[in-house]
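Okay, structure first, notes after.
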Amino acid sequence: MPQALPPARQAVMIDIDRERDHWRQRYQSLPRARAMRSFARYWPVLCAAYDVYLNHPRAAAGERLELFLRRESVAMSLLSEAEASQVFDQVWERIRDATAD
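Using our numbering, the first residue of the sequence shown is number 183, and each one after it goes up by one.
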(Lines of atoms letter the chains of each structure in order from A; the text may use other names.)
(Lines give C-alpha, C1' and ligand atoms only; values in the text may rest on other atoms or scores of the structure.)
Protein backbone atom coordinates (compact mmCIF):
# COMPACT_ATOMS: atom_id res chain seq x y z
CA MET A 183 0.00 0.00 0.00
CA PRO A 184 1.50 3.36 -0.98
CA GLN A 185 2.16 5.80 1.83
CA ALA A 186 0.39 9.12 1.77
CA LEU A 187 2.65 12.10 1.44
CA PRO A 188 2.45 14.79 4.10
CA PRO A 189 0.55 17.88 3.01
CA ALA A 190 2.64 20.24 0.95
CA ARG A 191 4.01 23.20 2.82
CA GLN A 192 2.68 26.50 1.60
CA ALA A 193 5.47 28.63 0.19
CA VAL A 194 6.13 31.63 2.38
CA MET A 195 8.22 34.61 1.45
CA ILE A 196 9.68 36.89 4.04
CA ASP A 197 11.01 40.23 2.89
CA ILE A 198 13.96 40.28 5.26
CA ASP A 199 14.87 43.85 4.31
CA ARG A 200 11.39 44.99 5.28
CA GLU A 201 11.61 43.02 8.52
CA ARG A 202 15.00 44.55 9.32
CA ASP A 203 13.54 48.03 8.75
CA HIS A 204 10.55 47.20 10.94
CA TRP A 205 12.70 46.05 13.84
CA ARG A 206 15.29 48.81 13.39
CA GLN A 207 12.51 51.29 14.16
CA ARG A 208 11.27 49.30 17.17
CA TYR A 209 14.17 47.40 18.71
CA GLN A 210 14.71 49.98 21.45
CA SER A 211 11.51 48.77 23.11
CA LEU A 212 12.85 45.19 23.26
CA PRO A 213 14.53 43.76 26.36
CA ARG A 214 18.10 44.97 26.99
CA ALA A 215 18.18 47.16 23.90
CA ARG A 216 20.25 49.79 25.70
CA ALA A 217 22.75 47.16 26.87
CA MET A 218 23.13 45.86 23.31
CA ARG A 219 23.92 49.46 22.28
CA SER A 220 23.01 49.14 18.62
CA PHE A 221 20.59 47.54 16.24
CA ALA A 222 23.51 45.78 14.54
CA ARG A 223 24.06 43.78 17.74
CA TYR A 224 20.35 43.02 18.17
CA TRP A 225 19.58 42.00 14.59
CA PRO A 226 21.23 38.53 14.77
CA VAL A 227 18.95 37.65 17.71
CA LEU A 228 15.87 38.76 15.79
CA CYS A 229 17.09 36.99 12.67
CA ALA A 230 17.40 33.74 14.63
CA ALA A 231 13.61 33.69 15.11
CA TYR A 232 13.06 33.99 11.36
CA ASP A 233 15.60 31.23 10.83
CA VAL A 234 13.64 28.91 13.14
CA TYR A 235 10.42 29.74 11.31
CA LEU A 236 11.89 29.05 7.88
CA ASN A 237 13.80 25.90 8.81
CA HIS A 238 11.34 24.32 11.26
CA PRO A 239 7.85 25.44 10.17
CA ARG A 240 6.06 22.45 11.68
CA ALA A 241 7.86 22.39 15.02
CA ALA A 242 5.71 22.57 18.12
CA ALA A 243 5.74 25.83 20.09
CA GLY A 244 8.07 24.57 22.81
CA GLU A 245 10.45 23.06 20.29
CA ARG A 246 10.56 26.31 18.29
CA LEU A 247 11.51 28.26 21.39
CA GLU A 248 14.21 25.73 22.32
CA LEU A 249 15.66 25.90 18.81
CA PHE A 250 15.72 29.69 19.09
CA LEU A 251 17.34 29.71 22.52
CA ARG A 252 20.09 27.36 21.27
CA ARG A 253 21.04 29.57 18.34
CA GLU A 254 24.54 30.94 18.88
CA SER A 255 23.46 34.53 18.35
CA VAL A 256 20.85 34.18 21.08
CA ALA A 257 23.00 32.20 23.51
CA MET A 258 25.87 34.68 23.16
CA SER A 259 23.65 37.75 23.55
CA LEU A 260 23.14 39.68 26.78
CA LEU A 261 19.56 38.39 27.02
CA SER A 262 18.41 36.12 29.80
CA GLU A 263 16.32 33.12 28.75
CA ALA A 264 13.15 34.95 29.84
CA GLU A 265 14.13 38.06 27.86
CA ALA A 266 15.02 36.01 24.80
CA SER A 267 11.65 34.28 25.08
CA GLN A 268 9.93 37.68 25.06
CA VAL A 269 11.81 38.66 21.92
CA PHE A 270 10.95 35.36 20.26
CA ASP A 271 7.27 35.78 21.12
CA GLN A 272 7.19 39.26 19.57
CA VAL A 273 8.89 38.13 16.36
CA TRP A 274 6.72 35.02 16.15
CA GLU A 275 3.57 37.12 16.60
CA ARG A 276 4.68 39.34 13.72
CA ILE A 277 5.34 36.30 11.53
CA ARG A 278 1.99 34.75 12.44
CA ASP A 279 0.12 37.98 11.68
CA ALA A 280 1.92 38.36 8.34
CA THR A 281 1.21 34.78 7.25
CA ALA A 282 -2.39 34.52 8.48
CA ASP A 283 -4.89 33.73 5.77
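Just so you know, even glycine gets a beta-carbon here, dropped at the ideal spot from N, CA and C.
Distance check for residue 208 and residue 235, CA to CA, integer angstroms please.
Their backbone Cα atoms lie some 20 Å apart in a straight line.
Are residue 273 and residue 213 closer than 8 Å when you measure CB to CB?
No; because the gap between Cβ atoms is not below 8 Å, this pair is not in contact.
On the criterion of 16 or more Cβ atoms from any shown chain inside 10 Å, does residue 262 qualify as buried, or is it exposed?
Burial call: exposed.
With burial defined as no fewer than 16 other Cβ atoms inside 10 Å of the residue's Cβ, what is the status of residue 211: buried or exposed?
Exposed, by the Cβ-count rule.
Compare the C-alpha of residue 254 against each of 279, 230 and 196 and name the closest.
When each option's Cα is compared against that of residue 254, the closest is 230.
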